[in-house]
Amino acid sequence: MTRPVPATTPAAPGAIRLGLRANLAQFTLLVAVNALVGGMLGQERTVLPLLADQTFHLSAYTAALTYIVAFGATKAVTNFFAGTWSDRYGRKPVLVAGWLIAQPVPLLLIWAPSWGWVVFANVLLGVNQGLTWSTTVIMKIDLAGPARRGLAMGLNEAAGYGALAATAMATGAIAAHWSLRPQPFFLGIAYAALGLGLSVLAAKETREHARAEATRRPAPANPDHHGELTTGQIARLTSLQDKSLSSASWAGMVNNLNDALAWGIFPLLYVAHGLSIAQVGLLAALYPAVWGLGQILTGWWSDRIGRKHLITAGMLLQAAAIGLVAVGATFPVWAVAQVLLGAGTAMVYPTLLAVVGDVAHPAWRARAVGVYRLWRDGGFAVGAVLAGVLADAFGLTAAIWAVAALTAAGLVVAVRMYETHTRPNAGQPGERTAGRTTLPPARSRRGAPILARPRQTPGSVRPPHGG
């Protein structure tokens, strides 16, 4: 039996408990903080495409989508540094810095005299989202431990995108009743202040939980996955070399490519077909609402059935839903398409994060999450440019069909991925199943870096994580 090695850190690993139940209060707080992060993004989903069209009179789709390009490019790069800084300085300082940067964003959107101000506000919003969302993901992975990682990511993403949906619907209703600004952005002012207050006063550092998990983790069977990798090695492993990490990165990029389409192009399509601002707000909210709430189920589900097949099915459903938007012309058809798109995204989004958590060593997991999110959120910029150029050249419908085809082509990436999570009939690592302690098999599946563990007899070890 392998025993934890005592650490020289302020809190000994044996004193730190991993698991949702053991860390419920702090985990719940971080769920609430991530809801505020999602709300900051939700204030733009309905209103900004309409501001571009009706207030700033941007006729070219490429110009109108520059705010998404600015947001996506900035957030993607910030994700990378958020992971590196979280390992170097701790999670909480990065979280607080992200909320400080968020404070002027709603005010810039309210007072913007030109479109350049809106683009600059989205640069700041991208930094805010990259720092805060990345750290809440990393902190929840730290707290949850390996057994409930999928559920933890489902709850995290559900909170963020559920709040995004509620805010998109609320700002649409506010804009329909009053005007496109300033009233819809008052919500953003409140979110930014509350998020900063909770992060400073109530959030606790979780880096020691990752260090504690690292001491309990046996040496990996794959020597490339040891705990002493440099940042450059981690970037190459996550981007290209490891089949599951790199597949997750590219699938994430495709996912946010179609999210950029839903954010920037769909509202313009709906308005062009005569829908009201209130109807556009409802459609803009349906997709992230189903996406957000569905992730509670799909995150838990991926802990039971594995990651790969859920990702593959979700990408197929996304492609079909985007195609339905392209052929639709009425509110009911688009509502069904938004629900299907949300369901497909719910199957993919938290599961990809869980894949990264499964494979990455705790010593460099934050940096691996940062690299993954660099690629994933780069999809916003790629999607906005692609959709804008195609819409200007061939029309809105052609742009939508092109993204549907790209999403379906992303299945090649999902097929390349190996399964990273133990099946339920093999048991969860370190969990008790039917009265016995079970461990993953010490064999590799399609090149999977399955960790080698010493053999244990039933009841010989107590699980190190509590939930």
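FYI, in my numbering the residues of the sequence shown are 3 to 469. The beta carbon of each residue, even a glycine, is placed where N, CA and C say it ideally should be.
{"Asked": "For W234, does the count of other Cβ atoms within 10 angstroms reach 16, so buried, or fall short, so exposed?", "Found": "Looking at the sequence shown, residue 234 is not Trp but Gly. Classification of G234: exposed, given that the 10 Å Cβ count is below 16."}
{"Asked": "Does DSSP put L20 in a helix, in a strand, or in coil?", "Found": "strand"}
{"Asked": "Can you tell which of W377, A406, A370 and Q340 has the C-alpha that lies nearest to the C-alpha of M255?", "Found": "W377"}
{"Asked": "Among L60, G41, L43 and V33, which has the Cα closest to the Cα of D394?", "Found": "L60"}
{"Asked": "Going by Cα to Cα distance, which pick from I236, W252, A286 and G325 is closest to W2?", "Found": "Outside the shown range of the chain (3 to 469) lies residue 2, about which nothing can therefore be said."}
{"Asked": "Roughly how many angstroms lie between the CA atoms of G429 and A216, to the nearest whole one?", "Found": "Confidence in G429 is poor, its pLDDT being 40 and thus under 50, which makes the residue's placement too unreliable to answer from."}
{"Asked": "Which class does A365 belong to by DSSP, given the choice of helix, strand or coil?", "Found": "coil"}
{"Asked": "Hey, is the stretch 41-54 in contact with the stretch 156-171, meaning 3+ C-beta pairs nearer than 8 Å?", "Found": "yes"}
{"Asked": "Determine the contact status of L342 and L354, defining contact as a CB-CB distance below 8 Å.", "Found": "no"}
{"Asked": "Does P8 come out as helix, strand or coil in the three-state DSSP assignment?", "Found": "In this prediction, P8 scores a pLDDT of 41, lower than 50, which makes its location untrustworthy; the coordinate-derived value is nonetheless stated afterwards. Coil."}
{"Asked": "For the alpha helix (DSSP H) containing W303, list its first residue and its last residue.", "Found": "I279 to I307"}
{"Asked": "Take A337 and list the residues in its own chain whose beta-carbon comes closer than 7 Å to its own, dropping the five residues that flank it on each side.", "Found": "L285 and L288"}
{"Asked": "Which ranges does the alpha helix (DSSP H) cover as unbroken runs of at least 4 residues, wholly within the stretch 89-118, from first to last along the chain?", "Found": "93-104 and 107-113"}
{"Asked": "Please go through the stretch 349-414 and give each complete alpha helix (DSSP H) segment of 4 or more residues, from N-terminal end onward.", "Found": "367-396 and 398-411"}
{"Asked": "Identify whether A444 lies in helix, strand or coil by the three-state DSSP scheme.", "Found": "Caution applies to A444, whose pLDDT of 38 falls short of 50 and renders its modelled position unreliable; the value that the coordinates give is listed next. If DSSP states are grouped into helix, strand and coil, A444 belongs with coil."}
{"Asked": "Evaluate R151 with the Cβ neighbour count: other Cβ atoms within 10 Å of its Cβ, from every protein chain shown; 16 or more gives buried, anything less gives exposed.", "Found": "buried"}
{"Asked": "From the DSSP output, in three-state form, read off R150 for me.", "Found": "coil"}
{"Asked": "Give the range of the alpha helix (DSSP H) segment to which H275 is assigned.", "Found": "Careful: H275 lies outside any alpha helix (DSSP H) and carries neither H nor E."}
{"Asked": "Quick one: measure Cβ to Cβ for G359 and E159, integer angstroms, because I've assumed they're closer than 8 Å.", "Found": "So it is not a contact: roughly 13 Å between Cβ atoms."}
{"Asked": "Report yes if the C-beta distance between M419 and A315 is below 8 Å; otherwise report no.", "Found": "no"}
{"Asked": "Whose C-beta lies closer than 8 Å to the C-beta of L299 among residues of the same chain, with five residues either side of it excluded?", "Found": "G156 and A348"}
{"Asked": "Does the stretch 105-113 come close enough to the stretch 174-190 to have 3 or more Cβ pairs within less than 8 Å?", "Found": "yes"}
{"Asked": "Please state if the CB of V35 and the CB of G199 are separated by a distance shorter than 8 Å.", "Found": "no"}
{"Asked": "By how many angstroms is the C-alpha of L31 removed from the C-alpha of G21?", "Found": "15 Å"}
{"Asked": "Compare the Cα-Cα distances from I70 to each of G266, N257 and H179 and report the closest residue.", "Found": "G266"}
{"Asked": "For H211, I'd like the list of residues in its chain whose CB is within less than 7 Å of its CB, leaving aside the five on either flank, ordered along the chain.", "Found": "I18, L20, D144 and L145"}
{"Asked": "Residue ranges of each beta strand (DSSP E) run of no fewer than 3 residues wholly in the stretch 40-80, ordered along the chain?", "Found": "none"}
{"Asked": "From this set, L259, I313, G118 and V329, which residue's C-alpha is nearest G390's C-alpha?", "Found": "L259"}
{"Asked": "Leaving aside the five residues before and after W252 along the sequence, list all residues of the same chain whose C-beta is less than 8 Å from its C-beta, in chain order.", "Found": "W377, G412 and V415"}
{"Asked": "Check whether the Cβ atoms of G344 and A407 lie closer than 8 Å to each other.", "Found": "no"}
{"Asked": "Using only the alpha-carbon positions, how far apart do V417 and T240 sit?", "Found": "17 Å"}
{"Asked": "Buried or exposed: which applies to H423, given that a residue is buried once 16 or more other Cβ atoms fall within 10 Å of its Cβ?", "Found": "buried"}
{"Asked": "Just the C-alpha distance for L263 and H179, rounded to the nearest angstrom, thanks.", "Found": "26 Å"}
{"Asked": "For M171, tell me which candidate among R93, A404 and V282 has the shortest Cα-Cα distance.", "Found": "V282"}
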